[in-house]
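>
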Amino acid sequence: MDARLKRILPKVQKPARYVGGEYNQTIKDLSHVDTRIAFCFPDTYEIGMSNLGMRILCGVFNNMDGVWCERVFSPWGDMEDEMRKAGIPLYALESGDPVKDFDIVAFSIGYEMAYTTILNMLDLAGIPLRAADRGEEDPLVIAGGTCCYNAEPIADFFDLFILGEGEEVDPEVVELYRRCRAEGISKKDFLIKAAGIGGVYVPSLYDVEYNDDGTVKSYTPKCGAPERITKRIIKDFNNSYFPDKIIVPSTEIVHDRVVLELFRGCIRGCRFCQAGYVYRPVRPRDSGILIDQGIKLLQDSGYEEITLSSLSTSDYKQLPALCDGILDWCENKKTSLSLPSLRADNFSMSIMERVQKVRKSGLTFAPEAGSQRLRDAINKNVTEEDLLNSCRIAFEGGWNSVKLYFMLGLPTETDEDVVAIAELARKVLWVWKNHSPNKSRGVKITVSTSCFIPKPLSPFQWAGQVSMEEYKRRVKLLRESLKSKAIVYNWHDPETSVIEAVLARGDRKMSKAIETVWRNGGKLDSWSEYFSFQRWMDAFHECGTDVEFFTTRQRGKEEVFPWDISDVGVRKDFLWNEYVKSGQSQLSPDCRVRCTGCGANCLLDGGVCDA
Amino acid sequence: MRKCRLVFEKTGRAKYISHLDLMHTMERIFVRAGVDIVHTQGFNPHPYMVFALPLSVCTESVCELVDVQIEDDESFDEIPERLNEKSPEGIKFKKAYEPLTKFKDIAYIDAEGRFEYDGRVSENLLDKLSNFFKKDEIVIKKKTKKGIKDTDIKPGITDIIFEKADDNTVLVKARVTAQNPTTNPDLIATALRELEPDVAPDFSEFMRMAMVFEDGKKFS
């Protein structure tokens, strides 16, 4: 270990997260390695190690002969200060080698608020921030993850982006890189070739023109780059790579358990949800395969908890068989299955009862909106009856705490809709009073609201966000409507939501503001300890970024968006149609009731998705 | 079921694992190796695992002891190897046996330290160090639950010698009291920083070498 590192580690909090050495880490013999990849997660170890995508893709890279992929996370502030003081550059956990010496630096970006952390990590590594400032000797800096569907705000910092699922395309990019390097081809020419790989977006190969009003006029590809970049998906999800060994951290992380991925995509079509559209089409993994994967991982890792991951676990057709299979194996062991929050319907409740035999901890439901009208407008197919029925079953079963999640500021929301949240919470309380077998223990109903953020590639991509003042007014209205002591109301601060909204629908001109925020000390912005609203607003002001242009502005049907170059399968006219229907509070059926023809099935051979 | 005492090392990168995290890590090592150990009864069963003396984070050890209870048909001889196959880097089991002694009888810990001086090591320095620890009392400020308190650490340091390793490094060999009071060998460097900053090292680290009975025999 680096002697300087040894000296600073005793001074920082939780040093175990900075040293690697965990069970199942991948160590390779450098004499058999020709390409080194630094897989960077722009958040702390505890968050990054909980990310399933990172675990899958590190495994994919390390399965390649001659390739060694190591993990890199952002240090917390105390560690960063010590590293800078001691002159220690950002290093990878497995080898301890500086990130700057790697061939490829790959970021996984799932959250807009991580943008400043990316810059901080590049700087800490000693790598020039902007692609244009990097030479042949600098690593190739690439990124993947959901944020890359609108990569424009950070486009200037990356050599290329990978759109969609990485299991197949990532090795294609690495193989091309190795071939080009062996043939002495320049980085620029490599990038031109890389743009020919499906799913690869090379921002420097596009000229952007803007209209006088600041909206995008056009994207013009150069050097044979495609007009639009079609995201990549795994067509055969049953046979795609899933790690059979996982790194077991020696210090506690956020999701410290085995995770199984049930399916990709979502049948629901909630209009506020970006994930519900960009991950389509729906592709399940067979329950038999999942049970095998789960048992192997539990045995190999020593974890005593396993959980299920997908966008809507209740919609997994083989959920009973899967739960039975896992529970059978868990019998007589200390291992437990924990379920993510499920939909508020009868089917889900019967599963929950079976699984959570012992602990009657809190239940979480996300009705998202208080009134049926607004739930219809956002296409959240949950009725009040479903919700109250689920709560009744839960209370009868001995649960005594329910969390209800809502958004304020959804398109078409009125004061009546806001007050309806309070009414719904009161009805839940009423259900408890009528059905709880043991009222002496009391009940706790928690209502939480966040400020809605319109996201690209969802039907609400045209909608304006409510202003901060308006969100606060609605919070006050709801707070005054909630009077019972049994109901606790938490509301999220809208400041992060405003910044996230600017970045989510931002354009390429925004990189200057992001860099300015970082230069003024911005990093780890998803942490309240570090986030500064003022720092962001000052930077936007300094760089001439009109915040309201990106947040509250209502977009017109014909507007060209910065992310229109990303083709996720779902067509823009389909999204527009959904947006129009939301204005009329008109529901769309889920994909199993009737195919609504979103277009995502065209990504599959034969064009039939498994909804 | 029968009692099983394990001797293990915690060195290298594993020294940064905190005591609480070590307990979780141990639990998983046993599950992975398929060595069943007795759990406490109750609502939240957790493994019955008793560590002799918790080791502070950033300190290495080659003599850690933990007691667990295993199935009768488990063989003591095989257990260390089976656990080692499933352990993270730096945790290594050396022996498993039926415990015949009690942890409360551990009187002293033998620790070895490296004091790094960045080119300042001289004979003079060694004398100053030795003389410092010959004083009758060494009172330092120690953080306790009730705030900062003056504590005399001299009674806790039974033996201490300093040897020059190279121009940058002094080796420290110390015997400190293990219990009542527990003396963390790091306090040796702390005392120098507080009371004799001229001869305080630029960096110090310790390794536990052995646990010792009152009569000076090695505890096992």
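Residue numbers (my numbering), protein chains in the order written: chain B, 52 to 662; chain U, -14 to 205.
All residues carry an ideal CB built from backbone N, CA and C; glycine is no exception.
If we count the other Cβ atoms within 10 Å of its Cβ and call it buried at 16 or more, is Arg160/U buried or exposed?
As a working note, residue 160/U is residue 175 in the second sequence. Classification of Arg160/U: buried, given that the 10 Å Cβ count is 16 or more.
> Name, please, each residue of chain U whose Cβ falls closer than 8 Å to the Cβ of Gly663/B.
Absent from the model: residue 663/B. The displayed extent of chain B is 52 to 662, so no value can be given.
> Given this structure, state the Cα-to-Cα distance separating Gly235/B from Ile243/B, to the nearest angstrom.
The residue given as residue 235/B occupies position 184 in the first sequence. The residue given as residue 243/B occupies position 192 in the first sequence. The alpha-carbon atoms of Gly235/B and Ile243/B are separated by roughly 15 Å.
> Ser617/B and Arg322/B: beta carbons closer than 7 Å?
For this step, residue 617/B is matched to residue 566 along the first sequence. For this step, residue 322/B is matched to residue 271 along the first sequence. No, these two residues do not count as a Cβ contact at 7 Å.
> Any C-beta of chain U sitting closer than 7 Å to the C-beta of Ala537/B?
What you label residue 537/B is simply residue 486 of the first sequence in a count that begins at 1. Chain U, which has no Cβ nearer than 7 Å to the Cβ of Ala537/B, makes this no.
> Per DSSP, what kind of secondary structure is Met561/B in: helix, strand or coil?
For the purposes of this step, residue 561/B is taken as the residue at position 510 of the first sequence. Looking at Met561/B - three-state DSSP - the assignment turns out to be helix.
> Can you give the beta carbon distance from Tyr456/B to Ala428/B, rounded, assuming they're within the 8 Å contact cut?
For this step, residue 456/B is matched to residue 405 along the first sequence. For this step, residue 428/B is matched to residue 377 along the first sequence. Not really, about 17 Å apart at Cβ, beyond 8 Å.
> Taking C-beta pairs closer than 7 Å, name the residues in chain B that Thr25/U reaches, listed in chain order.
What you label residue 25/U is simply residue 40 of the second sequence in a count that begins at 1. What Thr25/U touches in chain B: nothing, since even the nearest Cβ is about 11 Å away.
> Since Ile14/U meets chain B, which of its residues come closer than 7 Å, beta carbon to beta carbon?
As a first step, residue 14/U must be located in the second sequence, where it is residue number 29. Residues of chain B passing the Cβ test: Gly353.
> Answer yes or no: do Ala245/B and Leu211/B have a C-beta to C-beta separation smaller than 7 Å?
Position 194 of the first sequence, counted from the start, is the residue given in the question as residue 245/B. Position 160 of the first sequence, counted from the start, is the residue given in the question as residue 211/B. Result yes, Cβ atoms of Ala245/B and Leu211/B sit closer than 7 Å.
> Ser363/B to Cys317/B, Cα distance in whole Å?
Mapped onto the first sequence, residue 363/B falls at position 312. Mapped onto the first sequence, residue 317/B falls at position 266. Those two C-alpha atoms are separated by around 7 Å.
> By alpha-carbon positions, which one of Arg334/B, Cys642/B, Leu390/B, Arg283/B ends up nearest to Asn289/B?
Counting from 1 along the first sequence, the entry for residue 289/B is found at position 238. Asn289/B has its Cα closest to that of Arg334/B, out of Arg334/B, Cys642/B, Leu390/B, Arg283/B.
> What residues from the region 302 to 331 of chain B come within 9 Å of chain U, judged by C-beta to C-beta, listed N to C?
For the region 302 to 331 of chain B, which is checked against every Cβ of chain U, the residues closer than 9 Å are Thr302, Glu303, Asp307.
> Three-state secondary structure (DSSP) at Asn29/U?
In the second sequence, residue 29/U corresponds to position 44, counting from 1. Asn29/U: coil per DSSP, three-state reduction.
> Which residues bound the alpha helix (DSSP H) around Cys231/B?
Numbered from its first residue, the first sequence carries residue 231/B at position 180. It spans 217 to 233 - the alpha helix (DSSP H) in which Cys231/B sits, taken as one unbroken run.
> Kindly indicate which residue of Leu414/B, Cys120/B, Arg106/B, Ser82/B has the alpha-carbon position closest to the one of Ile88/B.
Start at 1 with the first residue of the first sequence, and residue 88/B comes out as number 37. It is Cys120/B.
> In angstroms, rounded to a whole number, what distance separates the CA positions of Pro32/U and Asp295/B?
Numbered from its first residue, the second sequence carries residue 32/U at position 47. Numbered from its first residue, the first sequence carries residue 295/B at position 244. Approximately 26 Å, taken between the alpha carbons.
> From Leu5/U to Ile550/B, what does the alpha carbon distance come to, in whole angstroms?
What you label residue 5/U is simply residue 20 of the second sequence in a count that begins at 1. What you label residue 550/B is simply residue 499 of the first sequence in a count that begins at 1. Their Cα atoms are separated by approximately 38 Å.
> Leaving out five residues on either side along the sequence, give the residues of the same chain with a beta carbon under 8 Å from the beta carbon of Glu70/U.
Here residue 70/U is taken as the residue at index 85 of the second sequence, counted from 1. Closer than 8 Å at Cβ, skipping near neighbours: Ala18.
> Suppose you measure from the CA of Lys80/U to the CA of Leu438/B; what does that come to, to the nearest Å?
Your numbering for residue 80/U matches position 95 in the second sequence. Your numbering for residue 438/B matches position 387 in the first sequence. Rounded to the nearest angstrom, the two C-alpha atoms are 57 Å apart.
> Just to confirm, does Phe416/B get its C-beta within under 6 Å of one of the non-hydrogen atoms of the ligand GTP?
The ligand GTP is not part of this structure, which contains no ligands at all.
> At the 7 Å Cβ level, is Thr10/U part of the contact set with chain B, yes or no?
Working through the second sequence from its first residue, we reach residue 10/U at position 25. Chain B, which has a Cβ nearer than 7 Å to the Cβ of Thr10/U, makes this yes.
> Between the C-alpha atoms of Pro222/B and Lys57/B, what's the straight-line distance to the nearest angstrom?
Your numbering for residue 222/B matches position 171 in the first sequence. Your numbering for residue 57/B matches position 6 in the first sequence. The alpha-carbon atoms of Pro222/B and Lys57/B are separated by roughly 35 Å.
> What's the C-alpha gap between Lys149/U and Phe117/U?
Stepping through the second sequence from its first residue, residue 149/U is reached at position 164. Stepping through the second sequence from its first residue, residue 117/U is reached at position 132. Each residue's alpha carbon lies about 16 Å from the other.
> Does DSSP classify Val409/B as helix, strand or coil?
The residue given as residue 409/B occupies position 358 in the first sequence. Annotation note: pLDDT 46 at Val409/B (below 50); position unreliable, no value reported.
> For Gly98/U, which three-state DSSP category applies?
Stepping through the second sequence from its first residue, residue 98/U is reached at position 113. Three-state result, Gly98/U: strand.
> Identify the contact partners of Val406/B in chain U, using a Cβ-Cβ distance below 8 Å as the criterion.
Within the first sequence, numbered from 1, the residue matching residue 406/B stands at position 355. Ordered by position in chain U, no residue passes the 8 Å Cβ test against Val406/B, which lies about 17 Å from the chain.
> Would Phe188/U count as contacting chain B if we go by Cβ distances under 7 Å?
Numbered from its first residue, the second sequence carries residue 188/U at position 203. Answer yes: the Cβ-Cβ gap between Phe188/U and chain B drops below 7 Å somewhere.
> Indicate the three-state DSSP secondary structure (helix, strand or coil) for Cys642/B in the structure shown.
Position 591 of the first sequence, counted from the first residue, corresponds to residue 642/B. In this structure, Cys642/B counts as coil in the three-state DSSP scheme.
> Between Cys199/B and the rest of its own chain, which residues show a CB-CB distance below 6 Å, the 5 nearest in sequence each way excluded?
Here residue 199/B corresponds to residue number 148 of the first sequence, with the count starting at 1. Phe212, Leu214.
> Which residues in the same chain as Glu56/U place their Cβ atom closer than 7 Å to its Cβ, once the five residues preceding and following it in sequence are excluded?
Counted from its first residue, the second sequence places residue 56/U at position 71. Correct list, in chain order: Met(-14), Asp21.
> If you reduce the DSSP assignment to three classes, tell me which class Gly265/B lands in.
In the first sequence, residue 265/B corresponds to position 214, counting from 1. Residue state, collapsed to three classes: coil.
> What separation, rounded to the nearest whole angstrom, lies between the Cα atoms of Val206/U and Ser583/B?
This structure does not reach residue 206/U, given that chain U is present from -14 up to 205, and the question cannot be answered.
> Compare the Cα-Cα distances from Pro510/B to each of Ile346/B, Asn383/B, Cys324/B and report the closest residue.
Position 459 of the first sequence, counted from the first residue, corresponds to residue 510/B. Looking at the Cα atoms, Cys324/B is the closest of the given residues.
> CA-CA distance, Lys478/B and Val453/B?
Along the first sequence, one-based indexing puts residue 478/B at 427. Along the first sequence, one-based indexing puts residue 453/B at 402. Their Cα atoms are separated by approximately 12 Å.
> Under 8 Å: do the region 64 to 75 of chain B and the region 140 to 159 of chain B share three or more Cβ pairs, one atom per stretch?
Flag = yes, the region 64 to 75 of chain B and the region 140 to 159 of chain B touch.
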